[in-house]
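Enquirer: Residue 1 is where the sequence shown starts when you use the UniProt record's numbering, and the numbers rise one by one after that.
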Amino acid sequence: MGDAAAAGNAAVRARPARAPRPKKPAPALCAKTPPLPVGEPFVSVCAPIPASAVEGRLRGDVFGALGVTPGLNAVRTGQPFFRHLEVWPDILLPELRVAIEYDSTGRFGLEHVGTRTETDRKKDRMLRRAGWEVIRLRTGKLEKLGPYDLQLASWNRASMGKLLDVLREVRGPLFVDAYLL
């Protein structure tokens with residue numbers, strides 16, 4: 001090996017190491033979540049507006065059958081869920097500490113499948129850690145995700161009876177029946 005080649009190798013070895021790339025900071029948490037205890041239900045300005053007509057019917061049927069507080073749309077969580085310390089179930093029954101989710105495959109058959117299923121499971125875990133139980137009403141060919149989920153062809157009067165039965169299973173018939181209207 002010549003002197004020039006040896007000098008070239010020495011120069012390569014002597015090159016200073018690159019500084020590590022700075023890590024991107026984690027996205028900031030939304031500051032709009034009120035400082036409530038974990039598990040506390042509230043009205044969130046960040047919650048998405050329900051878009052499904054079926055959800056509207058479901059909401060009307062549930063609050064028409066149970067004398068629980070309507071209008072709450074979020075539960076404070078201990079860990080972030082998409083940059084928020086809150087989750088937004090479709091329906092909250094605060095006195096029963098039960099969240100109800102209505103899941104369909106949607107117009108194009110792609111809702112609540114694939115990665116969305118994992119997001120649903122994470123949301124359920126966060127609600128359970130916050131002291132809530134989750135009942136998912138799964139339509140179409142969607143499989144159950146949790147122990148109290150119902151598989152339904154559609155939302156109808158018979159479905160309401162099944163939901164009340166599951167609520168009784170979750171919280172006990174004496175407690176649930178006390179809220180029946």
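Glycine included, every Cβ here is placed at the ideal spot set by N, Cα and C.
What is the C-beta distance between arginine 121 and leucine 145, in whole angstroms, given that I count them as a contact (C-beta under 8 Å)?
Expert: Indexing the sequence shown from 1 puts residue 121 at position 121. Indexing the sequence shown from 1 puts residue 145 at position 145. Indeed, because the Cβ distance is near 6 Å, the residues count as touching under 8 Å.
Enquirer: To the nearest angstrom, how far is it from the Cα of lysine 23 to the Cα of lysine 123?
Expert: Numbered from 1 along the sequence shown, position 23 holds the residue referred to as residue 23. Numbered from 1 along the sequence shown, position 123 holds the residue referred to as residue 123. Roughly 27 Å between the two C-alpha positions.
Enquirer: Answer yes or no: do methionine 160 and aspartate 61 have a C-beta to C-beta separation smaller than 7 Å?
Expert: What you label residue 160 is simply residue 160 of the sequence shown in a count that begins at 1. What you label residue 61 is simply residue 61 of the sequence shown in a count that begins at 1. Their beta carbons are under 7 Å apart, which means methionine 160 touches aspartate 61 by this criterion.
Enquirer: Which residues mark the beginning and the end of the alpha helix (DSSP H) in which leucine 173 is found?
Expert: Mapped onto the sequence shown, residue 173 falls at position 173. It should be noted that the sequence gives proline, not leucine, for residue 173. First-last of the alpha helix (DSSP H) with proline 173: 173-177.
Enquirer: Beta-carbon within less than 8 Å of alanine 153's beta-carbon, same chain only, minus the 5 sequence neighbours each way: which residues are those?
Expert: Within the sequence shown, numbered from 1, the residue matching residue 153 stands at position 153. Only Thr139 meet the Cβ criterion.
Enquirer: Using only CA atoms, which one of Glu143, Ala65, Trp132 lies nearest to arginine 157?
Expert: To locate residue 157, count along the sequence shown from 1; it is residue 157. It is Ala65 whose Cα lies nearest to the Cα of arginine 157.
Enquirer: Check whether the Cβ atoms of valine 98 and glutamate 55 sit closer than 7 Å, and answer yes or no.
Expert: Counting from one through the sequence shown, the residue named residue 98 turns up at place 98. Counting from one through the sequence shown, the residue named residue 55 turns up at place 55. For valine 98 and glutamate 55, no; Cβs fall outside 7 Å.
Enquirer: Is DSSP giving alanine 158 helix, strand or coil here?
Expert: Numbered from 1 along the sequence shown, position 158 holds the residue referred to as residue 158. DSSP places alanine 158 in helix when its eight states are reduced to three.
Enquirer: Terminal residues of the continuous alpha helix (DSSP H) containing aspartate 120?
Expert: The residue given as residue 120 occupies position 120 in the sequence shown. Here the alpha helix (DSSP H) through aspartate 120 covers 115-129.
Enquirer: Please classify proline 34 as buried or exposed, where buried requires at least 16 other C-beta atoms within 10 Å of its C-beta.
Expert: Here residue 34 refers to the residue found at position 34 of the sequence shown. Classification for proline 34: exposed.
Enquirer: What are the residues that DSSP puts in a beta bridge with proline 41?
Expert: As a first step, residue 41 must be located in the sequence shown, where it is residue number 41. In DSSP, proline 41 forms a bridge with Val75.
Enquirer: I need the straight-line Cα distance from isoleucine 91 to threonine 119, nearest angstrom please.
Expert: On the sequence shown, residue 91 is found 91 positions in, with the first residue counted as 1. On the sequence shown, residue 119 is found 119 positions in, with the first residue counted as 1. Cα to Cα, isoleucine 91 sits roughly 17 Å from threonine 119.
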